[in-house]
Amino acid sequence: MKSKFLLSTVMGGVIASTGMTAMAQNAGDDEIIVTGSRLNVNPNLTSAQPILSIDNSEISARGVVNIEDLTNSLPQISAAQTSEQSNGASGTAQLDLRGLGAQRTLSLIDGRRLPYGDSSSVAVNIDLVPTNLVERIEVLTGGSSAVYGSDAVSGVVNFILKDDFEGAELDLQYGFAQSSNGSDDIFDDVMRTAQVQLPGSITDGEEVTGSVTLGANLDGGRGNVVAFASYQTRNEILGADRTRSACTIGSGSTNGFGCVGSSNFRRFNNVADFGGTDVFQQENGQFTTFAGGPAETFNFGASNYFQRPVERFQLYTKASYEVIDGHELFMDFGFTESQSDAQIAPSASFGFFQRSINCSNPLIQDTSLFANGESFATNILGCSAADIAADAANPGSVVVDGLTATHRNVEGGSRNSRLENQAMRFVGGMRGTFAETWDYEVFGQYSKTKDQDTSTNDFQIDQLGQSLLVTTDAAGNAVCIDPSNGCAPYNIFERGAGGESLVSDAALSFIQGVGITTGQTDQLIFGGNVQTDLSNYGFVSPYASDTGVGLLIGAEYREDSLDAQPDQISQRADGGFTGVGGPTLPVAGSINVFELFGEIEIPLVTGVEFFEELVFNGQYRYSDYSVDGNGVSNSFSTDTYGAQLTWVPTPDITFRGQYQRAVRAPNVVELFTGQSTGLPDLPEFGKDSAGNTVYDPCSSTATTTPLASAAACASTGVTAAQYGSVPDVVSGQTQGIFGGNPNLSPETSDTFTVGAVFTPSFISGLTASVDYFDITIDDAIVSGIGASNILNGCLETGDATFCDLVQRDGAGSLNASGPGIGFALTNLNAASLATSGIDLQVNYSFDLERFGAENFGDFAVQYASTFLSSSDFTPFLGAVTDECEGKFVGNCGQPTADYRHRAIATWNTPVEGLGVNVTWRHFGSVENEGNPQSTNEGSLDAANYFDVSTRWEFMDGITARAGVNNIFENRFPVSVSSGPGINGNNNTYPGIYDTGRFVFVGLNVKL
24 MKSKFLLSTV MGGVIASTGM TAMAQNAGDD EIIVTGSRLN VNPNLTSAQP ILSIDNSEIS
84 ARGVVNIEDL TNSLPQISAA QTSEQSNGAS GTAQLDLRGL GAQRTLSLID GRRLPYGDSS
144 SVAVNIDLVP TNLVERIEVL TGGSSAVYGS DAVSGVVNFI LKDDFEGAEL DLQYGFAQSS
204 NGSDDIFDDV MRTAQVQLPG SITDGEEVTG SVTLGANLDG GRGNVVAFAS YQTRNEILGA
264 DRTRSACTIG SGSTNGFGCV GSSNFRRFNN VADFGGTDVF QQENGQFTTF AGGPAETFNF
324 GASNYFQRPV ERFQLYTKAS YEVIDGHELF MDFGFTESQS DAQIAPSASF GFFQRSINCS
384 NPLIQDTSLF ANGESFATNI LGCSAADIAA DAANPGSVVV DGLTATHRNV EGGSRNSRLE
444 NQAMRFVGGM RGTFAETWDY EVFGQYSKTK DQDTSTNDFQ IDQLGQSLLV TTDAAGNAVC
504 IDPSNGCAPY NIFERGAGGE SLVSDAALSF IQGVGITTGQ TDQLIFGGNV QTDLSNYGFV
564 SPYASDTGVG LLIGAEYRED SLDAQPDQIS QRADGGFTGV GGPTLPVAGS INVFELFGEI
624 EIPLVTGVEF FEELVFNGQY RYSDYSVDGN GVSNSFSTDT YGAQLTWVPT PDITFRGQYQ
684 RAVRAPNVVE LFTGQSTGLP DLPEFGKDSA GNTVYDPCSS TATTTPLASA AACASTGVTA
744 AQYGSVPDVV SGQTQGIFGG NPNLSPETSD TFTVGAVFTP SFISGLTASV DYFDITIDDA
804 IVSGIGASNI LNGCLETGDA TFCDLVQRDG AGSLNASGPG IGFALTNLNA ASLATSGIDL
864 QVNYSFDLER FGAENFGDFA VQYASTFLSS SDFTPFLGAV TDECEGKFVG NCGQPTADYR
924 HRAIATWNTP VEGLGVNVTW RHFGSVENEG NPQSTNEGSL DAANYFDVST RWEFMDGITA
984 RAGVNNIFEN RFPVSVSSGP GINGNNNTYP GIYDTGRFVF VGLNVKL
């Protein structure tokens, strides 16, 4: 019966999920390797490390096309880069174990590391993983740097591919998103109040995927080759097409909510008289006092993609061949190419008080547009008749600066980033046995990624300024004062008789620009190891004489290089475009590391009462790094190690525990991003004796004394001669250096886990595990700690951690008076992170006949959960620790639930080949860390999603499947503080919460 076979398959997954047996990873017929170790001397011993395993049946049961959609549902993994991001998207897919950052999760294919994701976001891009070729996924908690090297700080995710595949397999799937947008009283009212059109029931986000797998054994089983190819296309989902994202939601008068939008719409004012000149241009062209609200702000969220459109092509090939007895050549080759569009709202002539307009500009002379009969020139610019006449006589001679003239580029359309990513990876090597008792493996690996980000429909700052300085030609037509490069006047000051925009196509063609960043990463690895059973040489415990002592030693060399080159306009200090806000700087550099490592496994006791197994495992790795970039080089070394102990008193229960010291070396982006000068603000420190506002407490005037002591100020660089005469920072604006830091050192982490596995013999088919984990990371790399934090920390502690980041000028001041003066706000080893909790897994498989239901098939339940007890972030030494378990926003970013689970019920029906799956995904409620009393987002309710699917092998080798994820369409919670910096989009966190149903049908044919 197929149902019996399916039951055995589920049981295999159950055993793997609790780490009870090791599963083959990438080896010959006699080798069985567990994620977290390279040793295979004792394949039947119990693993000491907690591993969650997901087999490929769940991939098909949930209709997974993007592998991150499956992994992000696991309770151990937080959302990182996903296809649901638009603003700030890199075009890659990333994993974030334990919420400690995607850069601290090491992703592997068949136990081998993957390259940088792309040149802007170096965390591994799991788009390289061939989804339909995955046999299973293993998630290992905690540091594993002693086994795998840098980056395995929060844990390891290992994608294990099918091996020894024979035959042909065709897989096709069609799916779509669906939202009823049914009655949603609170938010329906919000939209109606703002006169936003309510979306009706909609089907969107269609996707089509097809893959072919071909495999054959060679030469009587001496070898095997597998080839895989797939193609995927996926359409977009717009924010406007979901009720809760049809407008940008904030605080308001409708049930505490309102459509807030952006005031960068049709708003104009003058810094010289802001209160008297702040106006809004109505659709009929009239200027009225700016009042805000939905009618006078731009609904920018509706344009954002909730799901980016993607087109992806993949190839993957695996081959092995035993060239002579006991010696096998192996090879892997993978390639993926994807194109994606990240659409956000139209740009605007952004920039409060940053525009300049000449007084005689003919587009601002109409006196009918203001109620008081004035023109824009006189009312907003404050130009007199004499100013207008003088400028008309000599165009551009009388220009008013400090103006705001924000107009949304609705004429040109939404901004878009075309994200193009390619990745290639080749692995080749040889493994086998020599001297009868020694196994070896040597390999080489090369990977390359290429990416290009092409941004369109944004405004070029210089061209915008040029198009606002306007005069008339001999025929009376409005023309640019400087007509070079095809300049055309940007007429945002007048509207047509029907309220239509008068912005011309010529103006858009001139102002709009394209920004391009190209990048490439390369990874080269050579390595090898040998292992043996030391019992062959007499090394064996007297209490475990029937079990070998495993020893492995190895060496590895790895080089990672990265080169990202933005175009010239993007490198400008102002970013070149109005919608950017800062420069995109080039990055180039490399990291080289040579490593020696070893593992040992010592069975101390086996086969003794209360000691069926007592096994010690240990690992050590020495790493010697050199880094080079921007003409600067550096070097450092690390030591990582781990120890595990497993005790099996009876076959019914296993106790396990481990300690791991892991590291994460700084990556090329953190080290070598170009440095630039900025002007951060210092907040008011206090008032001096004359009542003057003081920003630098070491400053004073001739009649006042500094607010800080001479000793404290000396720590910040004030000399005894300077103390008492240091000028204050003008308007609080100081200077800082931002960017990479070639002197960064590695992050270090410590992981403790302790747990137990229960396989009670009196309940056949039941396996359960419980594990406590505790992970701390010190010297975590952060992007500066803020000028005010540096200054206050130095004054209060005198610690070099802060004081070395302050540089005063010759007068002792912190004014922006020259290169290097102010604060070092580059990347630093300053933060610490910590997380702890309990992972619980319960798996139970049984024949329903056991409970009296004959001929009703088999049933299985798999439950995995995380109870989070701490998730702490301390930004720098002495700072207040943010406790983020069960919290969101404030200083905590995206939601971090203190309880999550994923439960799967599988019924293998008595109908031959027919199975039904129900998955329950739960994400616990979270509280606003910064403002728990907020009336509109003091908390977000728990989310529960139910996925239902069925599979039916109706003919031998032909299986149909269909399913609905989030079948009850549980709507996403609204967060008014969600933003791209914390993986938010369109009023929620779409990497965490579903945005509607997903319906799929598929067909699998095996020959």
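Using this note's numbering, read the sequence shown as starting at 24 and increasing by one per residue. Cβ atoms here follow ideal geometry from the backbone N, Cα and C, with glycine treated the same way. No experiment lies behind these values; they were computed from the predicted model shown.
Residue i in three-state terms, based on DSSP
{"i": "A103", "result": "coil"}
{"i": "A50", "result": "In this prediction, A50 scores a pLDDT of 38, lower than 50, which makes its location untrustworthy; the coordinate-derived value is nonetheless stated afterwards. Coil, per DSSP."}
{"i": "P996", "result": "coil"}
{"i": "E306", "result": "coil"}
{"i": "P16", "result": "No information on residue 16 is available, as it lies outside the stretch 24 to 1030 that the chain covers here."}
{"i": "N988", "result": "strand"}
{"i": "R831", "result": "coil"}
{"i": "G452", "result": "strand"}
{"i": "L221", "result": "coil"}
{"i": "A408", "result": "helix"}
{"i": "A45", "result": "Any reading at A45 needs caution, since the residue's pLDDT is 35, under 50, leaving its predicted position unreliable; the model's value is listed next. Note: A45 maps to coil in three-state DSSP."}
{"i": "G630", "result": "strand"}
{"i": "F533", "result": "helix"}
{"i": "C382", "result": "coil"}
{"i": "E582", "result": "strand"}
{"i": "A685", "result": "strand"}
{"i": "A567", "result": "coil"}
Proximal residues to residue i (C-beta, below 6 angstroms), its chain only, five neighbours per side dropped
{"i": "G916", "result": "I1005"}
{"i": "N1027", "result": "D194 and T982"}
{"i": "S524", "result": "E434"}
{"i": "E334", "result": "T256 and Q362"}
{"i": "C307", "result": "The displayed chain sequence assigns Asn, not Cys, to residue 307. Only G522 meet the Cβ criterion."}
{"i": "R121", "result": "S177 and T858"}
{"i": "S143", "result": "S113"}
{"i": "G243", "result": "none"}
For residue j and residue i, believed in contact at Cβ under 8 angstroms, the rounded distance
{"i": "S855", "j": "T889", "result": "No, S855 and T889 are not in contact; Cβ-Cβ is about 21 angstroms, not under 8 angstroms."}
{"i": "I132", "j": "I90", "result": "I132 to I90, Cβ: 11 angstroms. No contact."}
{"i": "G665", "j": "G641", "result": "7 angstroms"}
{"i": "V903", "j": "E952", "result": "That pair is no contact at about 12 angstroms."}
{"i": "G880", "j": "W930", "result": "6 angstroms"}
{"i": "F708", "j": "L848", "result": "Wrong, their Cβ atoms sit about 19 angstroms apart, outside the cutoff."}
{"i": "L492", "j": "G419", "result": "6 angstroms"}
{"i": "V141", "j": "T544", "result": "Residue identity differs from the one stated: residue 141 is Asp in this sequence, not Val. That pair is a contact at about 7 angstroms."}
{"i": "P706", "j": "T757", "result": "P706 to T757, Cβ: 11 angstroms. No contact."}
Same chain, Cβ closer than 8 angstroms to residue i, five either side skipped, listed in chain order
{"i": "P672", "result": "F633, F634, E635 and F678"}
{"i": "K25", "result": "Its pLDDT being 38, under 50, K25 is placed unreliably in this model, and the value from its coordinates should be taken loosely. So the qualifying residues of the chain are N931, E935, G936 and E976."}
{"i": "V753", "result": "N838"}
heavy atom of the ligand HEM below 7 angstroms from residue i C-beta
{"i": "L828", "result": "This structure simply doesn't include the ligand HEM, nor any ligand for that matter."}
Cutoff 7 angstroms; reference residue i; Cβ partners in own chain excluding five residues on either side
{"i": "I576", "result": "N552, V553 and G621"}
{"i": "G425", "result": "N293, V294, A295 and F376"}
Query raised in the report: Can you list the beta strand (DSSP E) stretches of 3 or more residues lying completely in the segment 144-180, in chain order?
Result: 157-164
Query - Validate contact between the segment 122-131 and the segment 369-378 using beta carbons, cut 8 angstroms, 3 pairs - result: no
Query raised in the report: Does the segment 788-796 touch the segment 697-717, meaning 3 or more C-beta pairs lie closer than 8 angstroms?
Result: no
Query raised in the report: If we count Cβ pairs, one from each stretch, closer than 8 angstroms, do we get three or more for the segment 257-276 versus the segment 1005-1021?
Result: yes
Requested in this report: Please specify which runs of the beta strand (DSSP E), each continuous and at least 3 residues long, are wholly inside the segment 491-525, giving them in chain order.
Outcome: 493-495 and 501-503
Query raised in the report: Do the segment 544-555 and the segment 589-600 make contact, defined as three or more Cβ pairs closer than 8 angstroms?
Result: no
Query raised in the report: Are there three or more Cβ pairs, one per stretch, closer than 8 angstroms when the segment 829-840 is compared with the segment 682-696?
Result: no
**Report entry** Inter-stretch contact (C-beta, 8 angstroms, three-pair minimum) for the segment 240-253 and the segment 152-162
**Finding:** yes
Query raised in the report: Pairing CB atoms from the segment 933-946 with CB atoms from the segment 991-1004, are three or more of them under 8 angstroms?
Result: no
Query raised in the report: Using 8 angstroms as the threshold, is the segment 971-989 in touch with the segment 77-92, meaning 3 or more CB pairs across them?
Result: yes
Report task. Pair every Cβ in the segment 872-891 with every Cβ in the segment 920-929, then say whether three or more of these pairs are closer than 8 angstroms. Result -> yes
Query raised in the report: Using 8 angstroms as the threshold, is the segment 555-575 in touch with the segment 598-607, meaning 3 or more CB pairs across them?
Result: no
Query raised in the report: Can at least three beta-carbon pairs, one atom from the segment 180-196 and one from the segment 382-402, be found at a separation below 8 angstroms?
Result: no
Query raised in the report: Which ranges would you report for the beta strand (DSSP E) in the segment 758-822 if only whole runs of at least 3 residues count?
Result: 759-761, 770-781 and 789-806
Query raised in the report: Are three or more beta carbon pairs between the segment 448-466 and the segment 344-355 nearer than 8 angstroms?
Result: yes
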